[in-house]
Amino acid sequence: MSKEEASGGEEQQAKHVQDLETKLKQIQKELEVAETQYEKKLEEANNELKIKSEMCQKSEQCIEERDKVIKELEEKLEIKDEEVKTKLEEYFSKAMSDDKDSLIAKLMKRNILLEEKLETLKAKEADLNEAKTRQAEILTKVTSEKDSQIAQQKKKIFLLQDMLAKQIEEAKEKSEKEQKICRQEIEEANKACAQKIKEAQRDIEEKLQIARQTSVTTLGVTNKQVYVAMIELLTNLMEQAIAKNPSIQKMCQQMEGLALDVKEVKENQRKEKEPIVTPITAEAEEDSNDTGVSPYNIATLSKPLSDTNVEPYFDRPAEETGMTEMSKIVTTNAKDDKK
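Read in order, the letters of the sequence shown correspond to residues 1 to 339 in full-length UniProt numbering.
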């Protein structure tokens, strides 16, 4: 068994050695192939390097040529720039010289025009100053004249006020005197009227007594005639009383004229903005109506004095005048006539 195992081990070792040899051969072949491939690749790389070096050389040459061309172009550009600059300087110098001449001519013309305008403006300023001085002098004269006129007008107004005050006082005194005289005359006229009325009543009563003694037919006619005669007597007495006192009408007319004059003076004072006179209020009118004197210390009579003092005597009650008996008689006679 040991021999067989030993022979078997040898065989296995031989196989293993053969296998290793085959593997070595294969590896050697592979190495050879790899070496050949490596050599090829090296050759290719060397070729490529050569090509690249050649290309680099060519590129360097191209760069050098390019630099040369650029330098040449730069030199040409510099030359052209200098030429252009010189040409531009020459052109601008010519243009400036031409423009300077034209500008100088224009400026000279403008200066001349401006000088002329300045002269005209100076003349206008002088005229304006003269006109201002003249206006100032005229205004001072006018204001002084106006002030003097205003002062004179004020003096006149004050004098007129004094005169009006005096006239008002005189008119007041005259009106008071005339009122007293008129009242006395009215009282006398009223007394005379009352006496005449009494006398007429007596005559009528006497006639009525006579008429009562007559027949009934004649009574109606006589009563009517007596009534008409009584009315005519009363109207005649009224007209006589008013006609006997023409001073009352004159006084009323004078007072109305004074009132109109006072109104005109007040309106003038208001227009001239002088001390304003207080207007007549309702309270002042009431006071004036109560006292018979206006608030301006003027005795104004809206109605004649004869109306205020005579009417009570004509409109007195029948008891005072004694007309009750006569009226009763007339009414009874009228009833009898109707029957």
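Glycine residues also receive a C-beta, built at the ideal position from the N, C-alpha and C atoms.
In whole angstroms, what separates the C-alpha of D81 from that of V69? 18 Å
Worksheet item: Whose C-beta lies closer than 6 Å to the C-beta of A165 among residues of the same chain, with five residues either side of it excluded?
Response: If the five residues before and after A165 are omitted, its C-beta is found closer than 6 Å to no C-beta atom of its own chain.
Item to complete: Count the other CB atoms, across all protein chains shown, that sit within 10 Å of the CB of G148; report buried if there are 16 or more and exposed otherwise.
Response: The sequence given here has Ser at residue 148, not Gly. By the 10 Å Cβ count, S148 comes out exposed.
Query raised in the report: Between E210 and E232, what straight-line distance do the alpha-carbon atoms span, to the nearest angstrom?
Result: It should be noted that the sequence gives Ile, not Glu, for residue 210. In a straight line, the C-alpha of I210 is about 21 Å away from that of E232.
Using a 10 Å radius around the Cβ and a threshold of 16 neighbouring Cβ atoms, would you call L88 buried or exposed?
exposed
*asked:* Taking its Cβ as the centre, do 16 or more other Cβ atoms sit within 10 Å of A189, making it buried, or is it exposed?
replied: Around the beta carbon of A189, a 10 Å sphere encloses 16 or more other beta carbons of the protein chains shown; the residue is thus reported as buried.
Task: L157 vs Q269 beta-carbon contact at 9 Å - done: The sequence given here places Ile at residue 157; Leu does not occur at that position. Yes, these two residues count as a Cβ contact at 9 Å.
| Burial state of E137 (16 or more Cβ within 10 Å) | exposed
Please report the distance separating the alpha-carbon of K198 from that of D162.
53 Å
Item to check | V265 vs L160 beta-carbon contact at 9 Å | outcome: yes
Straight-line gap, E173 to R134 (C-alpha atoms, nearest Å): 57 Å
Exercise for review: Just the C-alpha distance for Q26 and C56, rounded to the nearest angstrom, thanks.
Suggested key: 43 Å
_Contained alpha helix (DSSP H) runs [length at least 4] in the region 30-57, N- to C-terminal order_ = Those alpha helix (DSSP H) runs which fall completely within the region 30-57 and span 4+ residues do not exist here.
Do you know offhand how far T140's Cα is from K154's?
Near 20 Å, if we compare the C-alpha coordinates of K154 and T140.
Exercise for the section: State buried or exposed for L260, treating a residue as buried only when at least 16 other CB atoms are found within 10 Å of its CB. Expected result: Classification of L260: exposed, given that the 10 Å Cβ count is below 16.
Report whether the distance from the Cβ of I150 to the nearest heavy atom of the ligand MG is below 8 Å. Inclusion of the ligand MG in the displayed structure is not the case, the ligand content being empty and no account of it being possible.
Handout entry: Through-space distance from Q28 to L20, alpha-carbon basis
Key = 12 Å
Where L114 and M108 are concerned, what is the direct C-alpha to C-alpha distance, given to the nearest angstrom? C-alpha separation (whole angstroms): 10 Å.
- Item | C-alpha gap between K122 and R110, whole angstroms | Our two residues, K122 and R110, have alpha carbons roughly 18 Å apart in a direct line.
Distance check for T22 and E39, CA to CA, integer angstroms please. 25 Å
ask   = Where does K339 land, buried or exposed, given buried means 16+ other C-beta within 10 angstroms?
value = Annotation note: pLDDT 46 at K339 (below 50); position unreliable, coordinate value reported separately. Answer is exposed; the Cβ neighbour count stays below 16.
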